[in-house]
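Each residue of the sequence shown is one higher than the one before, starting from 115 at the first, in our numbering.
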Amino acid sequence: MRIRATVAAVSGALALSAFAVPAAQADASSYRAEAAAAVAHAASGKTAFTATTAADLNVTFSNFKIAKAVKVGTTNHVATSVTYTLTHGADVDITSEDFANGPFIYKGSEDAPDNVLFGDAPATCAATSATTATCKGDIDIYPGPDDEELLNSDAGTWHGGALALNYTTEDTAAQFGLGTTLVQRYSKLTVNASPEPVKKGKTITVTGKLSRANWETHKYAGYTNQSVQLQFRKKGSSTYTTLKTIKSDSTGNLKTTTTASVDGYFRYSFAGTSTTPAVNATGDFVDVQ
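Printed below as a string of structure tokens:
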């Protein structure tokens with residue numbers, strides 16, 4: 115659920131009314147609303163804590179682990195798993211229907227995040243002692259036109275956090291700064307080497323295109339002015355060698371030439387950026403005669 119919309123819509127009595135459904139009965143949409151309310155309250159300073167115990171819920175989170183990068187396309191749902199340790203007071207029953215917790219990631223600052231993403235359901239936890247548990251939950255991302263959870267400016271570094279809530283007492287807590295991940299615009303790379311076949315010593319023209327997901331149009335668009343390597347793998351070899359580095363043009367297109375020497379595969383290779391993952395084109399075979 116997009117925090118930009120949630121912070122404005124969830125406040126006061128409306129926020130508290132989000133906690134009317136016990137965890138065991140909550141569906142995906144209600145849990146996401148409840149989680150958004152908890153983080154919105156925390157971000158506003160009402161129930162936030164950084165690394166100390168929340169007085170009302172008596173819980174803290176640690177050992178937050180998430181993938182280094184999450185690659186998100188234009189329309190498909192993406193889920194990434196998060197694990198962490200939940201530490202709680204001896205009086206807290208984490209198996210109660212009234213208690214729920216889960217991970218979230220946020221873009222920007224703790225007190226005024228640009229965007230926050232949650233899971234569709236609370237995390238599941240397994241007790242490791244009377245006061246600790248290992249928990250696992252998902253971050254569910256919906257970039258499609260019906261949800262529009264991401265803007266292109268959201269690509270880059272996000273921070274991790276975890277929240278807890280009690281449906282009966284309506285107490286909430288959210289802990290920020292537990293880890294980081296990259297949320298990236300999924301990339302594509304093509305290549306075409308011609309002519310095929312070609313005589314030894316003649317010129318081969320290699321074209322292609324580097325594109326990435328546009329989260330606002332929900333289509334793929336050229337990634338401009340990016341360094342891309344032209345690589346070659348000799349037939350029978352498993353190793354690609356870089357021949358030269360070129361830059362994509364104003365529409366993401368790639369074009370260069372090289373000299374035909376032996377049979378083999380040409381491909382383009384993009385090393386990636388903080389906003390866009392690395393990608394290799396599938397090698398295009400050229401028969402040299």
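A virtual CB, placed ideally from N, CA and C, is assigned to each residue, including glycine. Note that the structure is predicted; figures quoted are calculated from it, not measured.
Check, Outcome
"To the nearest angstrom, how far is it from the Cα of T194 to the Cα of K250?", "11 angstroms"
"Measuring alpha carbon to alpha carbon, tell me which residue in A287, W329 and A374 is nearest K314.", "A374"
"Among all the DSSP beta bridges, which residues are the ones paired with Y145?", "Answer by DSSP bridge pairing: none, since Y145 is not bridged."
"Excluding sequence positions up to five away, which residues of its chain have a Cβ less than 8 angstroms from the Cβ of D401?", "E310, P311, V312 and D377"
"Roughly how many whole angstroms lie between the Cα atoms of S351 and L292?", "44 angstroms"
"How far does the beta strand (DSSP E) with N227 in it reach, from first residue to last?", "The question names Asn, but residue 227 is Pro in the sequence shown. Here the beta strand (DSSP E) through P227 covers P227 to F232."
"For G274, which option in G216, I208 and T389 has the closest C-alpha, if you only look at C-alpha atoms?", "G216"
"By the DSSP assignment, the beta strand (DSSP E) with Y334 in it spans what residues?", "K333 to G336"
"When the Cα of N172 is compared with those of K361, K182, R146 and T201, which residue comes out closest?", "T201"
"From the DSSP secondary-structure annotation, give me the bridge partner or partners of D92.", "Residue coverage of the chain in this structure runs from 115 to 403, which leaves residue 92 outside it and unanswerable."
"Among T372, G336, Y382 and T338, which one has its Cα closest to the Cα of Y354?", "Y382"
"Where does the unbroken beta strand (DSSP E) through H191 begin, and where does it stop?", "It is not in any beta strand (DSSP E) - H191 carries neither H nor E in the DSSP assignment."
"Along the chain, where does the beta strand (DSSP E) containing K369 start, and where does it finish?", "N367 to T373"
"Are P259 and A157 touching if we call contact CB-CB under 8 angstroms?", "no"
"Report the partner residues of K302 according to the DSSP bridge assignment.", "S325"
"Sorted by chain position, which residues of the same chain lie with C-beta nearer than 6 angstroms to D268's C-beta, five sequence neighbours on each side aside?", "K221 and N229"
"Quick one: measure Cβ to Cβ for R146 and D205, integer angstroms, because I've assumed they're closer than 8 angstroms.", "Contact flag wrong, Cβ pair sits at about 28 angstroms."
"Measure the alpha-carbon distance for T174 versus G187 and round it to whole angstroms.", "33 angstroms"
"Taking the straight line between their C-alpha atoms, what separation do you get for K349 and Y379?", "7 angstroms"
"How far does the beta strand (DSSP E) with D285 in it reach, from first residue to last?", "Neither: D285 is in no beta strand (DSSP E) and is coded neither H nor E."
"Under 6 angstroms Cβ to Cβ from S176, same chain only, skipping five residues before and after it: list those, please.", "T199"
"Where does A162 fall in DSSP's three states?", "With a pLDDT of only 43 at A162, under the threshold of 50, the placement of this residue in the model should not be trusted, and no figure is reported."
"Cβ atoms of T371 and I318: under 8 angstroms apart, would you say?", "yes"
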